[in-house]
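Participant: Each residue of the sequence shown is one higher than the one before, starting from 36 at the first, in the numbering used here. C-beta: ideal position from N, C-alpha, C; glycine also. As the structure is a prediction and not an experimental result, all values here were calculated from the model.
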Amino acid sequence: MSGDLDLGLIGAGNMAEALLRGALAAKRVSPDRVIVCDPIPARQTLFREQLGVRIASGIAAVAASSRMVVLCVKPQQCAGVLSELKPHFEVARHVLVSILAGVRTERIEAALPAGARVVRVMPNTPMLVGLGASGLCAGAGATEADLAAAERLFSCASVVVRVKEAAMDAVTGLSGSGPAYLFYLVEALVEAGVQEGLAREDALRLAVRTCRGAATMLEQTEVAPEELRRRVTSPNGTTQAACEVLDNNAVKKTLVAAVRRAAERSRELGCA
36 MSGDLDLGLI GAGNMAEALL RGALAAKRVS PDRVIVCDPI PARQTLFREQ LGVRIASGIA
96 AVAASSRMVV LCVKPQQCAG VLSELKPHFE VARHVLVSIL AGVRTERIEA ALPAGARVVR
156 VMPNTPMLVG LGASGLCAGA GATEADLAAA ERLFSCASVV VRVKEAAMDA VTGLSGSGPA
216 YLFYLVEALV EAGVQEGLAR EDALRLAVRT CRGAATMLEQ TEVAPEELRR RVTSPNGTTQ
276 AACEVLDNNA VKKTLVAAVR RAAERSRELG CA
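(1) Take the Cβ of S37 as the centre, count every other Cβ of all protein chains shown within 10 Å, and call the residue buried at 16 or more, exposed below.
(2) DSSP state of C191, grouped into three classes?
(3) My parser needs the alpha helix (DSSP H) runs of 4 or more residues fully inside the region 249-293; what are they?
(4) Since C107 is in the alpha helix (DSSP H), which residue starts that stretch and which ends it?
(5) Can you tell which of C172, R197, L54 and A98 has the C-alpha that lies nearest to the C-alpha of N159?
(6) Which term fits I75, buried or exposed, when burial requires 16 or more other beta carbons within 10 angstroms of its beta carbon?
(7) Okay, do the region 110-120 and the region 77-92 touch, 3+ Cβ pairs below 8 Å being the bar?
(8) Which ranges does the beta strand (DSSP E) cover as unbroken runs of at least 3 residues, wholly within the region 159-192, from first to last along the chain?
(9) Over the uninterrupted beta strand (DSSP E) stretch that includes R3, give me the two end residues.
(10) Taking only the alpha-carbon atoms, compute the straight-line gap between L40 and R63 and give it to the nearest angstrom.
(11) What number of angstroms, rounded off, separates the C-alpha of G174 from the C-alpha of G305?
(12) Per DSSP, what are the beta-bridge partners of L120 in this structure?
(13) Classify L135: buried if its beta carbon has 16 or more other beta carbons within 10 angstroms, exposed otherwise.
(14) Look up G38 in the DSSP assignment and say whether it is helix, strand or coil.
(15) Out of Y216, R187, Q230 and S100, state which residue places its alpha-carbon closest to the alpha-carbon of A58.
(16) Which residues does DSSP pair with I70 in a beta bridge?
(17) Going along the chain, which residues of its own chain have a beta-carbon closer than 8 Å to the beta-carbon of A99, five neighbours each way excluded?
(18) Are the CB atoms of G176 and V156 nearer to each other than 8 Å?
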């Protein structure tokens, strides 16, 4: 895929924008071969004027002009959108890629013609800055070529990990919701810095760079996180004192519980 993909997006929210900006920058798609459908005029204007893509009159027009259709709407809109798409969906022509949280491929397949090729992807919001993390899995009818095409598309703005669908709720809990956990941590670090006498803007700058630097160390050194933590924790030092407070307050246990609750909620949404 190097600009030769006929791509259609149903929904033009932030994730659709992040995906498309990454794909255009990497020349995985050409603007004149992308068509987008969204009911909000402001989003239509942004996609047309800033990204140079075509705006569809409706879902039927997206199906008529594309081979890969990416479903970027809210989960509660899924049934209505698929009902409108079904009469125009051709199994031999189309592959549908869904980024809907909690919505299983079998539910999507049941709403489309028999044998529909469906790929499910769970991205996260750092795709907006080209640093996303996405889980990807295949529906019953999806081929290796379908998976590879979806992976190439999302890898423009994200690392992509292939998993079994049974693990997609875990992906949702870990990386899908994960950015919020980091933002929550930064909020706490900044508040602590302010309480200890730092100006808020200085505390924020230090906290953000600390998180970025630590993540980069993990990525570049490939050393286990527990080992990196051990290396910075001197006996009877400041870091050990801090970690003892974290352990005494069961912070790790709480984070594990938070991720698992997010995964559980993803499963609940899938049953809705």
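Facilitator: The short version:
(1) Residue 37 sits at position 2 when you count from the first residue of the sequence shown. Any reading at S37 needs caution, since the residue's pLDDT is 46, under 50, leaving its predicted position unreliable; the model's value is listed next. That one is exposed.
(2) Taking the sequence shown and counting its residues from 1, the one referred to as residue 191 is at position 156. In this structure, C191 counts as coil in the three-state DSSP scheme.
(3) 260-267 and 273-283
(4) Position 72 of the sequence shown holds residue 107. Segment: none, C107 is in no alpha helix (DSSP H) and carries neither H nor E.
(5) Here the question's residue 159 lines up with position 124 in the sequence shown. Closest by alpha carbon: L54.
(6) Along the sequence shown, one-based indexing puts residue 75 at 40. Label assigned to I75: exposed.
(7) no
(8) 167-173
(9) Residue 3 cannot be examined here, being either before or after the span of the chain that is shown, 36 to 307.
(10) Locating residue 40 in the sequence shown gives position 5, where the first residue counts as 1. Locating residue 63 in the sequence shown gives position 28, where the first residue counts as 1. Roughly 7 Å separates the two Cα atoms.
(11) Stepping through the sequence shown from its first residue, residue 174 is reached at position 139. Stepping through the sequence shown from its first residue, residue 305 is reached at position 270. Cα to Cα, G174 sits roughly 15 Å from G305.
(12) Residue numbering aside, residue 120 sits at position 85 when the sequence shown is read from its first letter. L120 is not bridged to any residue.
(13) In the sequence shown, the residue the question calls residue 135 occupies position 100. With 16 or more Cβ atoms within 10 Å of its Cβ, L135 is classed as buried.
(14) The residue you call residue 38 lines up with position 3 of the sequence shown. Note that G38 scores 48 on pLDDT, short of 50, meaning its location in the model is unreliable; the coordinates nonetheless yield the value given after this. Coil, per DSSP.
(15) Position 23 of the sequence shown holds residue 58. Ranking the options by Cα distance to A58, first place goes to R187.
(16) Here residue 70 refers to the residue found at position 35 when the sequence shown is read from its first residue. DSSP lists G43 and R89 as partners of I70.
(17) Within the sequence shown, residue 99 is the residue found at index 64, counting from 1. So the qualifying residues of the chain are H123.
(18) Counted from its first residue, the sequence shown places residue 176 at position 141. Counted from its first residue, the sequence shown places residue 156 at position 121. Not in contact: G176 and V156 (Cβ atoms no closer than 8 Å).
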